[in-house]
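Student:
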Amino acid sequence: MTIQHNKVLQKPETFYDTFVRKGDSELKATHYCPGCGHGILHKLIAEAISDFGIQDKTVLVSPVGCSVFAYYYFDTGNIQSAHGRAPAVGTGYKRANPDSILISYQGDGDLAAIGANEIIQAANRGEAMTVFFINNAIYGMTGGQMAPTTLVGQKTTTTPYGRNSHNEGFPIRMSEIIATLEAPVYVERCMLTDAKNIAKTRKAVRKALKAQIDHKGFSFVEVLSGCPTGWKMTPQEAKNWIDSVLSKYFLPGVFKDVIEERESIVIKQEIPSPEDYHKLMDISHLSEKEDIVPTPEKGNFYEELKIAGFGGQGLLSLGYVIANVAMGHQYEVSWLPSYGPEMRGGTANCSVKISNKRIGAPLVANPTTLIVMNKPSLEKFENDVVSGGTIIYDSGLIDTPPSRDDVRVIGLPATEMADKLGSTKAANMIIMGIFAYLKKQIFSDRYIRWVLPRILKNKAFHEINQKAFQTGFDYADKHV
Amino acid sequence: MKKVLIKGNDAVVRGALLAGCRNFFGYPITPASEIAEGSALLFPRVGGTFLQAESEIGAINMLYGAASSGIRCMTASSSPGISLKMEGISYLAGSELPCVIVDITRGGPGLGNIAPEQGDYNQIVKGGGHGNYKLIVLAPNSAQEMCDLTMLAFELADKYRNPTVIMADGTIGQMMEPVKFPQPVTSFPKKDWAVKATAETRENLISSIELDPDRLEVHNQKLQKKYAIIEEKEVRCEEYRSDDAEILLCGFGIVSRLLQSVVDEMRAEGIPVGLIRPITLFPFPKKIIDAYASKKNVRFFNVFELNNGQMVDDVKLVVNGRKPVLYYGRMGGNLPTIKEISAEIMKNMRQL
Numbered sequence: 000m001t002i003q004h005n006k007v008l009q010k011p012e013t014f015y016d017t018f019v020r021k022g023d024s025e026l027k028a029t030h031y032c033p034g035c036g037h038g039i040l041h042k043l044i045a046e047a048i049s050d051f052g053i054q055d056k057t058v059l060v061s062p063v064g065c066s067v068f069a070y071y072y073f074d075t076g077n078i079q080s081a082h083g084r085a086p087a088v089g090t091g092y093k094r095a096n097p098d099s100i101l102i103s104y105q106g107d108g109d110l111a112a113i114g115a116n117e118i119i120q121a122a123n124r125g126e127a128m129t130v131f132f133i134n135n136a137i138y139g140m141t142g143g144q145m146a147p148t149t150l151v152g153q154k155t156t157t158t159p160y161g162r163n164s165h166n167e168g169f170p171i172r173m174s175e176i177i178a179t180l181e182a183p184v185y186v187e188r189c190m191l192t193d194a195k196n197i198a199k200t201r202k203a204v205r206k207a208l209k210a211q212i213d214h215k216g217f218s219f220v221e222v223l224s225g226c227p228t229g230w231k232m233t234p235q236e237a238k239n240w241i242d243s244v245l246s247k248y249f250l251p252g253v254f255k256d257v258i259e260e261r262e263s264i265v266i267k268q269e270i271p272s273p274e275d276y277h278k279l280m281d282i283s284h285l286s287e288k289e290d291i292v293p294t295p296e297k298g299n300f301y302e303e304l305k306i307a308g309f310g311g312q313g314l315l316s317l318g319y320v321i322a323n324v325a326m327g328h329q330y331e332v333s334w335l336p337s338y339g340p341e342m343r344g345g346t347a348n349c350s351v352k353i354s355n356k357r358i359g360a361p362l363v364a365n366p367t368t369l370i371v372m373n374k375p376s377l378e379k380f381e382n383d384v385v386s387g388g389t390i391i392y393d394s395g396l397i398d399t400p401p402s403r404d405d406v407r408v409i410g411l412p413a414t415e416m417a418d419k420l421g422s423t424k425a426a427n428m429i430i431m432g433i434f435a436y437l438k439k440q441i442f443s444d445r446y447i448r449w450v451l452p453r454i455l456k457n458k459a460f461h462e463i464n465q466k467a468f469q470t471g472f473d474y475a476d477k478h479v
Numbered sequence: 000m001k002k003v004l005i006k007g008n009d010a011v012v013r014g015a016l017l018a019g020c021r022n023f024f025g026y027p028i029t030p031a032s033e034i035a036e037g038s039a040l041l042f043p044r045v046g047g048t049f050l051q052a053e054s055e056i057g058a059i060n061m062l063y064g065a066a067s068s069g070i071r072c073m074t075a076s077s078s079p080g081i082s083l084k085m086e087g088i089s090y091l092a093g094s095e096l097p098c099v100i101v102d103i104t105r106g107g108p109g110l111g112n113i114a115p116e117q118g119d120y121n122q123i124v125k126g127g128g129h130g131n132y133k134l135i136v137l138a139p140n141s142a143q144e145m146c147d148l149t150m151l152a153f154e155l156a157d158k159y160r161n162p163t164v165i166m167a168d169g170t171i172g173q174m175m176e177p178v179k180f181p182q183p184v185t186s187f188p189k190k191d192w193a194v195k196a197t198a199e200t201r202e203n204l205i206s207s208i209e210l211d212p213d214r215l216e217v218h219n220q221k222l223q224k225k226y227a228i229i230e231e232k233e234v235r236c237e238e239y240r241s242d243d244a245e246i247l248l249c250g251f252g253i254v255s256r257l258l259q260s261v262v263d264e265m266r267a268e269g270i271p272v273g274l275i276r277p278i279t280l281f282p283f284p285k286k287i288i289d290a291y292a293s294k295k296n297v298r299f300f301n302v303f304e305l306n307n308g309q310m311v312d313d314v315k316l317v318v319n320g321r322k323p324v325l326y327y328g329r330m331g332g333n334l335p336t337i338k339e340i341s342a343e344i345m346k347n348m349r350q351l
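Keeping their order, the protein sequence lines are chains A and B. So in numbering that gives the first Met the number 0, spot 302 of the first sequence is number 301, and the numbers just go up one at a time. So in numbering that gives the first Met the number 0, spot 114 of the second sequence is number 113, and the numbers just go up one at a time.
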């Protein structure tokens, strides 16, 4: 049957003149069945879009279900989405383009079953979109299976004996659920059974769209609709069933309307100039002029450190400082925290590699320098140190000194010393002083003093870090 | 000092911003959460949007919506989260939407663990979603590449209207290395196809549905042509000391860093090993591997992976029986040691 719309009613401008995207010969007729509510709701929406003058800035997200092809008809921007995901797709679109008008159009299986989370979350965030929800209590597109809104006792192809609440639960009332949320500004359930109800729906459609135009937030209009094909009824029987049965469970009405009370929220996106980028990205110090630019030693240099102890001793920071200092000397460096299988055994540790060649594996298996601040770490890593390497340990925290005689062993009560300076947290910088002294041929201690506050930016520790570094450096000068 | 010592995950965020990415949609998961956290911190500062989605499914569909507008946008997750995103990824590929997806891989299957594994190769490179699609897949192995390849990913995504994946393991994400940041990108390709909510783009439709089998076949053929062009033009591969190598090691991501150390150590002992590191996993460096497979002096290929042997299949397809292709892998999030890898190579040398 071909319905000659243009002879009966004027088509809204927001509908295409002919439905070319349908791809069949009936370019004036919709793909919807007689008695289906989609066509009426489409028309009400299209008229409202035209009347508000928002056709160019409107984007319609169509769902999966019978209205998957809404883009056949709406002469607006169109996005077709995955089953149930229209509110998420709409969220992404609207966030990317806040000046647009975004309509998410969904059916009951799409919105209340597979997409129940997406709709609740979009509503709860108060996304600046308008959702139109066709509730016809059945899956139309796939051939009449049970929907989350199918009534108890209603027969469908997957509830051949009627929906049984003990098996499938009860029909879900989405408008009532959405209305309990804080963010939505407007929630109404309408129907399309007669001229009076269509007029009500028309008003609701306009109110919901107007709310978005005025930047008020999320609005939701549920429309009870007939599905004579799915229900195996004539269009007239379908209307009667909505009136006498469906609308008695899904009561029409306004469930929430706070449009007037809510303030308009206009999102303005300000794009910074390219010059501001590095600053905004926390890397502006790159442009800082440096008064000390150390040069690396010529020849083959590499250092592999394992730094280990309890969490909270600042050992990952110590590794970070050493790696930064080496980077400042134009060496290749890598820093790897204990991660994955390395975390076994309860010690916090990091691997630092320094080389004048490209660094391969970042994990240090055989350190040239081992720094340890607790006993389990010493036990774990002592035997890994290369012959001729160095072990620096906190002799105040580790009562059994390393037993290796083929490595250089430096023990000092770094934590106690730091405590005397005013903070045990500075123990790591005392160790830094020791390490800097040992590597004074490689690393400029003047540079380290300059760069330290630029690496550890917390101003509260600038002074004590410098003091601790000097303490370690002097200690090494005297005792090593 | 014109470099910053920074974690790979943080380098991804900054690379994205420099590439002009404006929208980030994500869901927390270890070991990728730093990308979401870094984005939450920095995106609002450049007039962009960070949104923590309700789920991975929400996030990937938000990406679909944002990408439809033509804006540069990104999401990041880790293996189980990527599995959840697969539906959306198939739709993105079908609708030809440019976007960047970061996968900081972890141990599986199932909940697995948070340690570095490369078990996502098949789901990312071969397509974990339904349909005849391909993703462009980049596999960085340093913090610098986490920045640079993220920027490249946006460029390639736009150029081919194709979702592009940065696939790195947790080690690359957690490791800090010096990164030199490039200047921000200021000119972007025109996207005439995008739905921009303007009069000029009102006709545009973003969709992956096509009921007519003939038309859907045409669409699929068009996609395959695009993938063929990508295979022709966008291969990136690092060859390390491989010119005169008799034994070719092959690995990507963190494994390639280990293999680089192995090559250096074995070369120092006079063993002629070299490394082929695919930087693009799709397009796979077929021609490069093919050329080595034809070389007389090449004895065998040795593929190392942190999985049950996934990329090795692609190497075998290219080598096609001309040379032995051997595989060694660790799973569960374990990294092999340098010694372990060397011993495996030595064993293979003796046996072949």
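Virtual Cβ for every residue (Gly too), placed ideally from N, Cα, C.
#1: Counting only the same chain and skipping the five closest in sequence on each side, list residues whose C-beta sits under 7 Å from that of Thr200(B).
#2: Kindly indicate the opening and closing residues of the alpha helix (DSSP H) around Thr149(B).
#3: Three or more C-beta pairs closer than 8 Å, one from the segment 52 to 64 of chain A and one from the segment 235 to 250 of chain A: is that the case here?
#4: Given that Lys56(A) touches chain B, what residues does it touch there, using C-beta distances under 8 Å?
#5: Would you please verify whether the beta carbon of Lys2(B) is less than 9 Å from any beta carbon of chain A?
#6: Along the chain, which unbroken stretches of the beta strand (DSSP E) at least 3 residues long are found entirely within the segment 25 to 111 of chain A?
#7: Per the contact definition of three or more C-beta pairs closer than 8 Å, is the segment 108 to 115 of chain A in contact with the segment 41 to 52 of chain B?
#8: Please name the residue or residues paired with Pro336(A) in a DSSP beta bridge.
#9: Give me the chain B residues within the contact set of Leu304(A), using Cβ-Cβ distance strictly less than 7 Å, ordered along the chain.
#10: Using a Cβ cut-off of 9 Å, which residues of the segment 325 to 350 of chain B contact any Cβ in chain A, in chain order?
#11: Could you spell out where the beta strand (DSSP E) holding Thr104(B) opens and where it closes?
#12: Under 7 Å Cβ to Cβ from His4(A), same chain only, skipping five residues before and after it: list those, please.
#13: Between the segment 351 to 368 of chain A and the segment 388 to 398 of chain A, can you find at least three pairs of beta-carbon atoms closer than 8 Å?
#14: Considering Cα atoms alone, identify which of Arg188(A), Gly410(A), Gly318(A) and Arg20(A) is closest to Arg201(A).
#15: Is any beta-carbon of chain A found at less than 9 Å from that of Tyr120(B)?
#16: Looking at chain A, is there any beta carbon in it that lies within less than 9 Å of the beta carbon of Met61(B)?
#17: Could you check what DSSP says for Ala323(B) in three-state terms: helix, strand or coil?
#18: Listing by chain order, which chain A residues have their CB less than 7 Å from the CB of Ser67(B)?
#19: Output the distance between the C-alpha atoms of Pro409(B) and Gly57(B), rounded to the nearest integer angstrom.
#20: List the endpoints of the continuous alpha helix (DSSP H) containing Leu83(B).
#21: Whole angstroms is fine: what's the gap from Asn299(A)'s alpha carbon to Gly269(B)'s?
#22: Between the Cα of Glu238(B) and the Cα atoms of Leu248(B), Glu230(B), Leu134(B) and Leu316(B), which residue gives the shortest distance?
#23: Taking C-beta pairs closer than 8 Å, name the residues in chain A that Asp211(B) reaches, listed in chain order.
#24: List the residues of chain B whose Cβ lies closer than 8 Å to the Cβ of His277(A), in chain order.
#25: Give a yes or no on whether the minimum CB-CB distance between Phe24(B) and chain A is below 9 Å.
#26: Can you pull the chain B neighbours of Ile397(A), defined as C-beta to C-beta under 7 Å?
#27: Using beta-carbon positions only, say whether Val363(A) and Leu304(A) come within less than 9 Å of one another.
#28: Just verifying my parser: in three-state terms, what is the DSSP assignment at Leu304(A)?
#29: Mind pulling the chain B residues with CB within less than 7 Å of Ala360(A)?
#30: Quick one: does Tyr70(A) have its CB under 9 Å from some CB of chain B?
#31: Got a sec: is the Cβ-Cβ distance from Pro183(B) to anything in chain A below 9 Å?
#32: If you compare alpha carbons, which of His37(A), Glu302(A), Lys439(A) and Arg20(A) is closest to Arg214(B)?
#33: Alpha carbon to alpha carbon, how far is His461(A) from Ile205(B)?
#34: From which residue to which residue does the beta strand (DSSP E) around Thr157(A) run?
#35: Would a C-beta distance cut-off of 9 Å place Asn427(A) and Phe380(A) closer than the cut-off?
#36: Round the Cβ separation of Asp168(B) and Ile103(B) to the nearest angstrom and send it over; I've been treating them as touching at under 8 Å.
Tutor: On the basis of the coordinates in this document:
#1: Only Ala193 and Val194 meet the Cβ criterion.
#2: In the DSSP assignment, Thr149(B) falls within the alpha helix (DSSP H) that extends over Ala142 to Tyr159.
#3: In this structure the segment 52 to 64 of chain A does not lie against the segment 235 to 250 of chain A, because fewer than three pairs of beta carbons, one per stretch, are closer than 8 Å.
#4: Simply Ala196 and Thr197.
#5: At least one chain A Cβ lies under 9 Å of Lys2(B).
#6: Listed in chain order, they are 57 to 61, 76 to 79 and 100 to 106.
#7: Inter-segment contact for the segment 41 to 52 of chain B and the segment 108 to 115 of chain A is absent: fewer than three beta-carbon pairs are separated by less than 8 Å.
#8: Pro336(A) is bridged to Cys349(A).
#9: Result: empty, since nearest Cβ-Cβ is about 13 Å, beyond 7 Å.
#10: Residues passing the 9 Å Cβ filter: Gly331, Gly332, Asn333, Leu334, Thr336, Ile337 and Lys338.
#11: Thr104(B) -> beta strand (DSSP E) spans Cys98 to Thr104.
#12: Confidence at His4(A) is low in this model, with a pLDDT of 48, below 50, so the placement of that residue should be treated as unreliable; the coordinate-derived value is given next. Excluding positions up to five away in sequence, the list reads Lys10 and Lys27.
#13: Between the segment 388 to 398 of chain A and the segment 351 to 368 of chain A, the count of Cβ pairs shorter than 8 Å is three or higher; the stretches touch.
#14: Scanning Arg188(A), Gly410(A), Gly318(A) and Arg20(A) for the CA closest to the CA of Arg201(A) turns up Arg188(A).
#15: Closer than 9 Å: no.
#16: Chain A, which has a Cβ nearer than 9 Å to the Cβ of Met61(B), makes this yes.
#17: With the sequence shown as reference, residue 323(B) is identified as Pro, and Ala is not the correct amino acid for it. For Pro323(B), the three-state secondary structure derived from DSSP is coil.
#18: Simply Ile78 and Tyr92.
#19: Not covered by the structure: residue 409(B). The range shown for chain B is 0 to 351.
#20: Its alpha helix (DSSP H) spans residues Ser78 to Gly93.
#21: Cα to Cα, Asn299(A) sits roughly 19 Å from Gly269(B).
#22: For Glu238(B), the closest of Leu248(B), Glu230(B), Leu134(B) and Leu316(B) by C-alpha to C-alpha distance is Leu248(B).
#23: The answer, in chain order, is Gly22.
#24: Chain B residues near His277(A): Phe180.
#25: With its beta carbon less than 9 Å from one in chain A, Phe24(B) belongs to the interface.
#26: Around Ile397(A), no beta-carbon contact reaches into chain B at under 7 Å, the shortest distance being about 27 Å.
#27: The answer is yes: Cβ separation under 9 Å.
#28: Three-state result, Leu304(A): strand.
#29: Near Ala360(A) (Cβ distances below 7 Å), the residues of chain B are Arg256, Leu257, Ser260 and Ile337.
#30: Cβ-Cβ to chain B under 9 Å: yes for Tyr70(A).
#31: Interface flag for Pro183(B) against chain A is set, since a Cβ pair is found closer than 9 Å.
#32: Distances from the alpha-carbon of Arg214(B) to those of His37(A), Glu302(A), Lys439(A) and Arg20(A) put Arg20(A) closest.
#33: Their backbone Cα atoms lie some 55 Å apart in a straight line.
#34: Following the DSSP letters along the chain, one finds Thr157(A) in no beta strand (DSSP E), marked with neither H nor E.
#35: For Asn427(A) and Phe380(A), no; Cβs fall outside 9 Å.
#36: The C-beta separation of Asp168(B) from Ile103(B) comes to about 7 Å, placing the pair in contact by the 8 Å criterion.
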